[in-house]
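Engineer: In numbering that gives the first Met the number 0, the protein residues as written are 0 to 636. One structure, pasted below without further comment.
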Amino acid sequence: MRETVRLTTAQALVKFLNQQYISVDGVETPFVEGVFNIFGHGNVLGLGHALEENPGHLKVIQGKNEQGMAHAAIGYAKQSLRRKIYAVTASAGPGSANMVTAAATAHANNIPVLFLPADTFSTRQPDPVLQQLEHESSIALTTNDAFKAVSRYWDKIERPEQLMSAMIRAFEVLTNPATSGPVTICLPQDTEGEAFDFDASFFNKRVHYLDRVTPVERALNEAVEVIKASKKPVMIVGGGAKYSEAGPVIEAFATAHGIPLVETHAGKSTIPTNFPYNLGGSGILGTSAANKAVQASDLIIGIGTRYTDFTTSSKTAFNYGTTKFLNINVSRVQAYKFDATQLVGDAKATIESLAPRLTGYKTSFGSELEACQDEWKIERDRLREVEFNHDNFSPEVKGHFDQDVMNEYAEKLNTTFTQTNALITLNDEVEDSSVVVASAGSLPGDLQRLWQTNTVNSYHLEYGYSCMGYEVAGALGAKLANPKEEVYAVLGDGSFLMLHTELVTALQYKQKINVMLFDNAGYGCINNLQMGNGGGSFNCELRDSDNQIMQIDYAKVAEGYGCKVYRINNRKELIAAIKDAKIQTVSTLFDIKVLPKTMTDGYGGWWNVGVSEVSGMDTVLEVSRARAEKLENAWKY
Numbered sequence: 000m001r002e003t004v005r006l007t008t009a010q011a012l013v014k015f016l017n018q019q020y021i022s023v024d025g026v027e028t029p030f031v032e033g034v035f036n037i038f039g040h041g042n043v044l045g046l047g048h049a050l051e052e053n054p055g056h057l058k059v060i061q062g063k064n065e066q067g068m069a070h071a072a073i074g075y076a077k078q079s080l081r082r083k084i085y086a087v088t089a090s091a092g093p094g095s096a097n098m099v100t101a102a103a104t105a106h107a108n109n110i111p112v113l114f115l116p117a118d119t120f121s122t123r124q125p126d127p128v129l130q131q132l133e134h135e136s137s138i139a140l141t142t143n144d145a146f147k148a149v150s151r152y153w154d155k156i157e158r159p160e161q162l163m164s165a166m167i168r169a170f171e172v173l174t175n176p177a178t179s180g181p182v183t184i185c186l187p188q189d190t191e192g193e194a195f196d197f198d199a200s201f202f203n204k205r206v207h208y209l210d211r212v213t214p215v216e217r218a219l220n221e222a223v224e225v226i227k228a229s230k231k232p233v234m235i236v237g238g239g240a241k242y243s244e245a246g247p248v249i250e251a252f253a254t255a256h257g258i259p260l261v262e263t264h265a266g267k268s269t270i271p272t273n274f275p276y277n278l279g280g281s282g283i284l285g286t287s288a289a290n291k292a293v294q295a296s297d298l299i300i301g302i303g304t305r306y307t308d309f310t311t312s313s314k315t316a317f318n319y320g321t322t323k324f325l326n327i328n329v330s331r332v333q334a335y336k337f338d339a340t341q342l343v344g345d346a347k348a349t350i351e352s353l354a355p356r357l358t359g360y361k362t363s364f365g366s367e368l369e370a371c372q373d374e375w376k377i378e379r380d381r382l383r384e385v386e387f388n389h390d391n392f393s394p395e396v397k398g399h400f401d402q403d404v405m406n407e408y409a410e411k412l413n414t415t416f417t418q419t420n421a422l423i424t425l426n427d428e429v430e431d432s433s434v435v436v437a438s439a440g441s442l443p444g445d446l447q448r449l450w451q452t453n454t455v456n457s458y459h460l461e462y463g464y465s466c467m468g469y470e471v472a473g474a475l476g477a478k479l480a481n482p483k484e485e486v487y488a489v490l491g492d493g494s495f496l497m498l499h500t501e502l503v504t505a506l507q508y509k510q511k512i513n514v515m516l517f518d519n520a521g522y523g524c525i526n527n528l529q530m531g532n533g534g535g536s537f538n539c540e541l542r543d544s545d546n547q548i549m550q551i552d553y554a555k556v557a558e559g560y561g562c563k564v565y566r567i568n569n570r571k572e573l574i575a576a577i578k579d580a581k582i583q584t585v586s587t588l589f590d591i592k593v594l595p596k597t598m599t600d601g602y603g604g605w606w607n608v609g610v611s612e613v614s615g616m617d618t619v620l621e622v623s624r625a626r627a628e629k630l631e632n633a634w635k636y
C-alpha cells in the first residue's frame with residue numbers, strides 16, 4: 000500500500016515548496032527562499048494558517064503593497080541570477096489584481112516568481128462572496144483570469160489532488176532558462192483548507208538541474224564559418240549572458256579575437272566597464288562608442304539578448320546591406336530574430352564550444368575601438384562638469400524649456416545641480432561592489448551611458464517593462480539577495496510617488512537600502528518625449544492650480560517612516576551625504592533636487608514612437624515626416 004500524508008492543500012503546498020532545490024554546475028541550494036504576503040480574505044485562513052503552523056525554512060515577509068512586494072520578489076530573483084525565488088500571496092479580488100502589473104514585469108524580464116493569488120470558492124456555493132466579480136458570460140471567470148496573459152504557466156487548484164501535477168509543471172517552468180518567468184497558481188479559498196491523502200513521494204526532495212545546453216555540431220560549424228567570414232563582428236551582451244555567468248569566457252573570447260562588445264540593459268555588469276573591449280550600452284540609450292561600432296559591424300553576435308527596441312534603436316541601428324546576425328540563446332524563439340544563424344544553447348557553454356574552433360581569427364577593427372572609447376571618455380568627463388548658468392544655459396536634450404522656465408525651476412527647487420553631474424558624482428563616491436537599481440524615467444538612460452560597473456552583477460535595471468515604482472521594492476529584493484552590500488535605488492520623483500511602500504518593509508526587517516530620489520518636479524522623461532517630437536510641455540510638469548512648480552519635501556515623508564534623510568542641492572552636499580550614509584544602519588533617503596532637461600541624449604540612437612500624422616503644429620508634422628524616412632531603413636520582420 001502506498002504511503003500517504005493527510006494535509007490541507009495549503010499545508011501540502013508549503014511542504015512541497017520546502018523540498019525544491021536547484022543544482023547549477025554541481026552546486027545545490029534550496030530554490031524557494033520564502034513567501035512575501037499580505038494576508039486578507041481568501042488566503043489568511045488557508046495558506047496563512049499553513050505558514051503560521053509550519054513554514055519550514057521559508058522566510059515569511061509581510062509586504063505593504065501587493066505590487067510592491069511582488070516587485071521585491073522580482074528584484075530578489077533577478078539579483079540571484081534566477082537561481083532562488085520568493086513566492087507571493089495576496090487576498091482574493093483587489094489584492095490579487097494588484098499583483099498583475101508585477102507579473103507582467105516578471106514576464107517581460109524573464110524572471111521566475113511564484114504567484115499564489117487567492118480565489119473565490121471552487122464549490123461556488125456561497126457566491127457571490129466578498130471581492131468576487133460576476134460575469135454574465137461565464138460564472139467561472141474570476142479576477143485571477145487576468146494573470147493568464149502575464150504568466151508563463153497558469154493553473155487553478157479546484158481539487159486538492161490537482162496540486163501535485165500543477166506544482167511539478169510549475170517548477171519545470173520556473174527552473175527552465177528557456178521558459179523562465181512568472182508562474183501563477185490560483186488558490187480558491189475553500190480548496191486551500193480542504194484535506195487530502197497526498198502521496199508521500201510528492202514531498203520527497205526534488206533537485207532541478209540547470210544543465211548547460213550546447214548547440215549541435217552542425218550549428219557550431221555554421222557559426223564558425225559566419226564568424227570567420229566577418230571582418231568587424233560586434234557582440235551584444237544581454238541578460239542571458241549574465242544569468243549564465245558567461246562574463247569570463249566572453250572576456251577571453253573578445254581578447255583572443257579582438258571582438259568588441261556592447262551591452263543591453265539586462266546585460267550590463269556581466270563584463271566590467273574597464274574591460275578594454277567593452278564599449279558600453281548600445282542603442283537608444285547607448286554610448287557613441289558602442290553605436291559607432293554597431294553601425295560599422297558586418298556581423299552582430301547576440302548573446303542572450305531578445306533585441307528590444309532600445310537595444311536596436313527601433314531596428315535602425317544596423318547596416319542591413321552588409322550586416323549578418325548570429326544569435327546565441329537558450330530560447331529558440333529569440334535565436335531566430337533578425338533571420339540569424341542560430342546557436343540554441345547556454346551562453347557560457349556555447350562560447351566555450353566556439354573558442355577552440357576559431358584559433359588564429361582576428362577582427363580588423365585595429366585602433367578604431369580605442370579612438371571611440373577615448374571620444375566617449377571625454378564626453379563623460381564633460382557631462383560630469385555640466386553646470387547651470389542663469390544667463391546662458393544650454394540644456395542637454397532636444398525640445399528644451401526656454402531660459403525663463405529654466406530659471407524658474409532653479410529658483411523654485413533652490414538648485415543649480417544637473418542630473419548628469421549628480422549621477423556621475425554618485426557613481427564616483429559609492430563602492431564598486433554596491434548594487435544600483437533603477438527602472439523608469441530618464442535615469443535608466445543616464446545610468447546605461449554613464450554608470451561604470453567594475454564589479455560583476457552590480458547593475459540591476461528593470462527595463463524589459465520599465466515599470467514605474469519598481470525601484471524601491473526592487474532594491475529591497477536586491478538587498479535580500481546581497482545582504483552584505485550597499486544597495487542604491489535610483490529613481491525620479493514620479494516613480495517615488497507611484498510606489499515606495501516597501502521602504503517600510505525594508506525598515507521593518509532591517510534591510511538597509513539607500514533611496515536616491517532625483518526630484519525635478521515632473522515626469523521629465525515623458526516631457527522630453529513630447530517636446531522632442533514637436534509638441535509643447537503638456538501635463539508632465541508638477542504644477543499646482545496656480546501654475547506654480549510644486550515644492551515637495553520628500554525627505555519629510557521618509558523621515559516619518561524612520562529613515563535617515565538628506566536634503567541635497569549641490570555636489571558638495573551629495574558627497575558628504577554619501578559618506579555619512581555608508582555608516583548608517585537604517586535605510587536612507589536622499590532628496591536630490593536637480594534641474595529638468597539636464598540628462599543625456601543622442602549619441603546615434605533613434606526611437607520609433609507614434610507621432611501624429613495630422614496636426615496643426617508644423618513642428619509635429621516635421622517630426623512625422625522624418626520618422627517615415629527613418630523607417631525606410633528599419634528591419635521589417
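Beta carbons: idealized from backbone N, C-alpha and C, even for Gly.
#1: Report the residue ranges of all beta strand (DSSP E) runs contained in full by the region 148 to 209; include only those spanning at least 3 residues, in chain order.
#2: Terminal residues of the continuous beta strand (DSSP E) containing residue 487?
#3: If I'm right that residue 283 touches residue 234 with Cβ under 8 Å, what's the distance once you round it to whole angstroms?
#4: What residue does the alpha helix (DSSP H) around residue 308 start on, and which one ends it?
#5: Would you tell me roughly how many angstroms separate the C-alpha atoms of residue 469 and residue 132, rounded to the nearest one?
#6: What does the alpha-carbon distance come out to for the pair residue 147 and residue 532?
#7: Less than 8 Å between the CB atoms is what I'm expecting for residue 60 and residue 504, so what's the real figure, rounded?
#8: Using 7 Å as the threshold, is the C-beta distance between residue 607 and residue 313 below it?
#9: Going by alpha carbons, who is nearest to residue 461 out of 383, 58 and 107?
#10: In this structure, how does DSSP classify residue 29 when only helix, strand and coil are distinguished?
#11: Out of 465, 581 and 11, state which residue places its alpha-carbon closest to the alpha-carbon of residue 55.
#12: List, from N- to C-terminal side, the alpha helix (DSSP H) runs of 4 residues or more that fit wholly inside the region 353 to 384.
#13: Tell me the DSSP secondary structure of residue 280 in three-state form.
#14: What are the start and end residues of each continuous beta strand (DSSP E) run of 3 or more residues lying completely inside the region 471 to 556, in chain order?
#15: Hey, out of 155, 130 and 572, whose CA is closest to residue 421's CA?
#16: From this set, 105, 224 and 41, which residue's C-alpha is nearest residue 69's C-alpha?
#17: Using only the alpha-carbon positions, how far apart do residue 563 and residue 174 sit?
#18: Which of the three DSSP states is assigned to residue 116 in this structure?
#19: Rounding to the nearest angstrom, what Cα-Cα distance links residue 64 and residue 382 in this structure?
#20: Confirm, please, whether the CB-CB distance from residue 94 to residue 57 is below 7 Å.
#21: Which value, in whole angstroms, describes the spacing of the CA atoms of residue 193 and residue 517?
#22: Which residue wins for smallest C-alpha separation from residue 345, given the options 467, 261, 449 and 214?
#23: Quick check on residue 36: does DSSP put it in helix, strand or coil?
#24: Assuming residue 224 is part of the beta strand (DSSP E), what are its boundary residues?
#25: For residue 206, is the classification buried or exposed, using 16 other Cβ atoms within 10 angstroms of its Cβ as the cut-off for buried?
#26: Quick check on this structure: which residue in 264, 495 and 333 has the alpha carbon closest to the alpha carbon of residue 177?
#27: Identify, in the order they occur along the chain, each residue of the same chain with its Cβ nearer than 6 Å to the Cβ of residue 337, setting aside the five sequence neighbours on each side.
#28: Cα separation between residue 299 and residue 258?
#29: Candidates 617, 231, 479 and 82: which alpha carbon is nearest residue 365's?
#30: With DSSP collapsed to three states, give me the class of residue 212.
#31: Pull the bridge partners of residue 232 from the DSSP assignment, please.
#32: Would you tell me roughly how many angstroms separate the C-alpha atoms of residue 110 and residue 616, rounded to the nearest one?
#33: Buried or exposed for residue 0, going by 16 or more other Cβ atoms inside 10 Å?
#34: Among the candidates 217, 418 and 434, whose CA atom is the shortest distance from the CA of residue 442?
#35: With a threshold of 7 Å on Cβ separation, who are the neighbours of residue 389 within its own chain once the five nearest residues in sequence on each side are excluded?
#36: May I have the straight-line CA-CA distance separating residue 391 from residue 317, to the nearest angstrom?
Structural biologist: Straight from the coordinates:
#1: 152 to 155, 181 to 187, 194 to 198 and 205 to 208
#2: One-based indexing of the sequence shown puts residue 487 at position 488. Per DSSP, residue 487 belongs to the beta strand (DSSP E) from 486 to 491.
#3: Here residue 283 refers to the residue found at position 284 of the sequence shown. Here residue 234 refers to the residue found at position 235 of the sequence shown. With 8 Å as the limit, residue 283 and residue 234 do not qualify as a contact, their Cβ atoms being about 19 Å apart.
#4: The residue labelled residue 308 in the question sits at position 309 within the sequence shown. 308 to 311 is the extent of the alpha helix (DSSP H) around residue 308.
#5: For the purposes of this step, residue 469 is identified with residue 470 of the sequence shown, where counting begins at 1. For the purposes of this step, residue 132 is identified with residue 133 of the sequence shown, where counting begins at 1. Computed Cα separation, rounded: 28 Å.
#6: Taking the sequence shown and counting its residues from 1, one reaches residue 147 at position 148. Taking the sequence shown and counting its residues from 1, one reaches residue 532 at position 533. Their Cα atoms are separated by approximately 36 Å.
#7: Here residue 60 is taken as the residue at index 61 of the sequence shown, counted from 1. Here residue 504 is taken as the residue at index 505 of the sequence shown, counted from 1. About 7 Å; that satisfies the 8 Å criterion.
#8: As a first step, residue 607 is located in the sequence shown; it is residue number 608 there, counting from the start. As a first step, residue 313 is located in the sequence shown; it is residue number 314 there, counting from the start. Closer than 7 Å, so yes.
#9: For the purposes of this step, residue 461 is taken as residue 462 along the sequence shown, with counting starting at 1. That would be 107, whose Cα lies nearest to the Cα of residue 461.
#10: Sequence index remark: in the sequence shown, residue 29 carries index 30 (1-based). DSSP places residue 29 in strand when its eight states are reduced to three.
#11: In the sequence shown, residue 55 corresponds to position 56, counting from 1. That would be 11, whose Cα lies nearest to the Cα of residue 55.
#12: 367 to 384
#13: The residue you call residue 280 lines up with position 281 of the sequence shown. Three-state DSSP puts residue 280 in a strand.
#14: Runs of the beta strand (DSSP E) inside the region 471 to 556: 486 to 491 and 513 to 518.
#15: If you number the sequence shown from 1, residue 421 lands on position 422. With distances taken between Cα atoms, residue 421 lies closest to 572.
#16: Taking the first residue of the sequence shown as position 1, residue 69 is located at position 70. If you compare the alpha carbons of 105, 224 and 41 with that of residue 69, the shortest gap goes to 105.
#17: Here residue 563 corresponds to residue number 564 of the sequence shown, with the count starting at 1. Here residue 174 corresponds to residue number 175 of the sequence shown, with the count starting at 1. So the two alpha carbons sit approximately 39 Å from each other.
#18: As a first step, residue 116 must be located in the sequence shown, where it is residue number 117. Three-state DSSP puts residue 116 in a strand.
#19: If you number the sequence shown from 1, residue 64 lands on position 65. If you number the sequence shown from 1, residue 382 lands on position 383. For residue 64 and residue 382, the distance between alpha carbons rounds to 37 Å.
#20: Along the sequence shown, one-based indexing puts residue 57 at 58. Along the sequence shown, one-based indexing puts residue 94 at 95. Residue 57 places its beta carbon 7 Å or farther from that of residue 94.
#21: Counted from its first residue, the sequence shown places residue 193 at position 194. Counted from its first residue, the sequence shown places residue 517 at position 518. If you take the alpha carbons of residue 193 and residue 517, they lie about 50 Å apart.
#22: Taking the sequence shown and counting its residues from 1, one reaches residue 345 at position 346. Among 467, 261, 449 and 214, the Cα nearest to that of residue 345 belongs to 214.
#23: Indexing the sequence shown from 1 puts residue 36 at position 37. Three-state DSSP puts residue 36 in a strand.
#24: On the sequence shown, residue 224 is found 225 positions in, with the first residue counted as 1. Careful: residue 224 lies outside any beta strand (DSSP E), inside the alpha helix (DSSP H) at 216 to 228.
#25: Position 207 of the sequence shown, counted from the start, is the residue given in the question as residue 206. Counting Cβ neighbours within 10 Å, residue 206 comes out exposed, since fewer than 16 surround it.
#26: As a first step, residue 177 must be located in the sequence shown, where it is residue number 178. If we check each option's Cα against that of residue 177, 333 comes out closest.
#27: In the sequence shown, counting from the first residue as 1, residue 337 sits at position 338. Here the set comprises 324.
#28: Residue numbering aside, residue 299 sits at position 300 when the sequence shown is read from its first letter. Residue numbering aside, residue 258 sits at position 259 when the sequence shown is read from its first letter. The straight-line gap from Cα to Cα measures roughly 11 Å.
#29: For this step, residue 365 is matched to residue 366 along the sequence shown. When each option's Cα is compared against that of residue 365, the closest is 231.
#30: Here residue 212 is taken as the residue at index 213 of the sequence shown, counted from 1. Correct three-state label for residue 212: coil.
#31: Walking along the sequence shown from the start, residue 232 turns up at place 233. According to DSSP, which records beta bridges pairwise, residue 232 is partnered with 298.
#32: Along the sequence shown, read from residue 1 onward, the residue named residue 110 stands at position 111. Along the sequence shown, read from residue 1 onward, the residue named residue 616 stands at position 617. One C-alpha to the other measures close to 43 Å.
#33: Along the sequence shown, one-based indexing puts residue 0 at 1. It counts as exposed.
#34: The count along the sequence shown starts at 1 and reaches residue 442 at position 443. Of the listed residues, the one whose Cα sits closest to residue 442 is 418.
#35: Mapped onto the sequence shown, residue 389 falls at position 390. So the list reads 406 and 409, once near-sequence residues are dropped.
#36: Taking the first residue of the sequence shown as 1, we reach residue 391 at position 392. Taking the first residue of the sequence shown as 1, we reach residue 317 at position 318. Roughly 37 Å between the two C-alpha positions.
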